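Engineer: The sequence shown lines up with residues 1081 to 1207 when you count with our numbering. Built from N, CA and C at the ideal position, the CB exists for glycine as well. Since the structure is predicted, the reported quantities are computational estimates derived from the model, not experimental observations. Before we start, here is the structure in question, set down as structure tokens.
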Amino acid sequence: LRYSGPDTGGEKVTMKSGQYGVNEHIYPACNPFDPQTLAGSSSSFTLCMFRSEVGLGRIPLFGQADTGKNRLYFIGKAQVPVIDMHTLEAFRSFVPDIPDAQYGWAILGQLKIATAGAYTLCISSDD
1081 LRYSGPDTGG EKVTMKSGQY GVNEHIYPAC NPFDPQTLAG SSSSFTLCMF
1131 RSEVGLGRIP LFGQADTGKN RLYFIGKAQV PVIDMHTLEA FRSFVPDIPD
1181 AQYGWAILGQ LKIATAGAYT LCISSDD
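Listed below in structure tokens is the structure:
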């Protein structure tokens, strides 16, 4: 799968993925390959929220949450039908206990393509 967008300067790049169980970026409770999550015929996404005791100057290793290694803690998760999060309140509509600062999130899942063709995907953030 390749994508292009403002974050790639318009250049098409390969979208990378990890393998569950060997990727320290995935928290075990957020398994994107859970059979219940994959059972439907439509796209499915799991939003996982985390809080930190320290500022997040880089993307944390979510797989190490709750281990005491990085002072990062799992808050909760929810299934989201569409990824469209523009405000903290949008995240809180799915996982209410998110703090006002020092939080991180991961969205994991699958995008099922019904019709073959060329698609352009873009993920951006202000952080």
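If you drop the 5 nearest sequence neighbours on each side, which residues of the same chain put their C-beta closer than 7 Å to that of V1102?
Structural biologist: Along the sequence shown, read from residue 1 onward, the residue named residue 1102 stands at position 22. Because V1102 sits at a pLDDT of 44, beneath the cut-off of 50, its placement in the model cannot be relied upon, and the following sentence gives the value as read from the coordinates. Counting only Cβ-Cβ distances below 7 Å, and skipping sequence neighbours, we find nothing.
Engineer: Comparing the C-beta of G1148 with each C-beta of chain C, is any distance below 8 Å?
Structural biologist: No chain C is part of this structure, which consists of one protein chain only.
Engineer: In its own chain, which residues sit with a C-beta less than 8 Å from the C-beta of A1145, not counting the 5 before and 5 after it?
Structural biologist: Mapped onto the sequence shown, residue 1145 falls at position 65. The residues are Y1107, F1130, L1152, Y1153, F1154.
Engineer: So, with DSSP's three-state summary, where would you put Q1159?
Structural biologist: The residue you call residue 1159 lines up with position 79 of the sequence shown. Strand, per DSSP.
Engineer: Give the straight-line distance between the Cα atoms of C1202 and Q1190, rounded to the nearest whole angstrom.
Structural biologist: Here residue 1202 corresponds to residue number 122 of the sequence shown, with the count starting at 1. Here residue 1190 corresponds to residue number 110 of the sequence shown, with the count starting at 1. In a straight line, the C-alpha of C1202 is about 15 Å away from that of Q1190.
Engineer: Helix or strand or just coil, what does DSSP make of R1151?
Structural biologist: Locating residue 1151 in the sequence shown gives position 71, where the first residue counts as 1. Reduced to three states, the DSSP call for R1151 is coil.
Engineer: If you draw a straight line from the alpha carbon of A1158 to that of C1110, how long is it in whole angstroms?
Structural biologist: Locating residue 1158 in the sequence shown gives position 78, counting from the first residue. Locating residue 1110 in the sequence shown gives position 30, counting from the first residue. Roughly 9 Å separates the two Cα atoms.
Engineer: Along the chain, where does the alpha helix (DSSP H) that runs through F1142 open and close?
Structural biologist: Within the sequence shown, the letter at position 62 stands for residue 1142. Run containing F1142: none; DSSP gives neither H nor E here.
Engineer: How would you call Y1199, buried or exposed, if buried means at least 16 neighbouring beta carbons within 10 angstroms?
Structural biologist: Along the sequence shown, one-based indexing puts residue 1199 at 119. It counts as exposed.
Engineer: To the nearest whole angstrom, what separates the beta carbons of F1142 and A1186, a pair I think is in contact under 8 Å?
Structural biologist: For the purposes of this step, residue 1142 is taken as residue 62 along the sequence shown, with counting starting at 1. For the purposes of this step, residue 1186 is taken as residue 106 along the sequence shown, with counting starting at 1. Indeed, because the Cβ distance is near 5 Å, the residues count as touching under 8 Å.
Engineer: With C-beta atoms as the reference, is G1148 less than 8 Å away from D1177?
Structural biologist: Here residue 1148 is taken as the residue at index 68 of the sequence shown, counted from 1. Here residue 1177 is taken as the residue at index 97 of the sequence shown, counted from 1. No; because the gap between Cβ atoms is not below 8 Å, this pair is not in contact.
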